[in-house]
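Step one of this worksheet: look at the structure below.
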Amino acid sequence: MSHTEPLRMPDLETAGAFVDIAGLRLTHTAGDLVEGTIDLGAQHHQPWGLVHGGVYTTAIESAASIGASIAVSERGLAVVGINNNTNFIRSMTAGRVRLVATPVQQGRTQQLWEVRISDSDGRLVATGQVRLQNVEPRKLPEPGKQEQ
Numbered sequence: 158m159s160h161t162e163p164l165r166m167p168d169l170e171t172a173g174a175f176v177d178i179a180g181l182r183l184t185h186t187a188g189d190l191v192e193g194t195i196d197l198g199a200q201h202h203q204p205w206g207l208v209h210g211g212v213y214t215t216a217i218e219s220a221a222s223i224g225a226s227i228a229v230s231e232r233g234l235a236v237v238g239i240n241n242n243t244n245f246i247r248s249m250t251a252g253r254v255r256l257v258a259t260p261v262q263q264g265r266t267q268q269l270w271e272v273r274i275s276d277s278d279g280r281l282v283a284t285g286q287v288r289l290q291n292v293e294p295r296k297l298p299e300p301g302k303q304e305q
């Protein structure tokens, strides 16, 4: 399928409740760097009172996907994640963390992004790598309608 319309850039404000509850707030987005913050608190806890690792995994995949999407948007391409490896380094209960995502490799068909999440003292909290496939976008169904 050829692409003739410009791709709509990702918008975390309309990404849905799942991404919204993770709390990622972007401060910089580009095809070679994505930065943001998350204010962690009780709403992010797993049953034992620590921040749930899924918060970090969601933020890592979101940041890598946004950067990778921007990187290929001028070529009329989109991206889909094909692998996400997240490592949890330090547990937290609350506080602001900073996220920095940078490409390790940006090829014709795939991209590899590294994402680092650090606490306010600069200590590493989580790190991840996301591999994404550059693809021709497919027409998505209108909201509320199922694909035929």
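In the working numbering, the protein residues as written are 158 to 305.
Just so it is clear, CB atoms sit at the ideal spot from N, CA and C, and this is done for glycine as well.
Reduced DSSP category for residue i - H, G, I as helix; E, B as strand; rest coil
i	result
Gly198	coil
Glu231	coil
Ile178	helix
Gly211	helix
Ser275	strand
Gly193	strand
Short Cβ contact (7 Å threshold) for residue i with residue j
i	j	result
Gly279	Ala258	no
Asp253	Ser277	Per the sequence shown, the amino acid found at residue 253 is Arg instead of Asp. Yes, Cβ-Cβ distance for Arg253 and Ser277 is below 7 Å.
Val292	Ala235	yes
Gln268	Leu289	yes
Val191	Asn241	no
Leu183	Gly198	no
Gln203	His209	yes
Ala179	Thr215	yes
Inter-residue CB distance, residue i and residue j (contact presumed, cutoff 8 Å)
i	j	result
Ile195	Gly285	No, Ile195 and Gly285 are not in contact; Cβ-Cβ is about 14 Å, not under 8 Å.
Quiz item: Given 8 Å as the limit, is there contact between the stretch 225 to 233 and the stretch 245 to 256, that is, 3 or more CB pairs closer than that?
Solution: no
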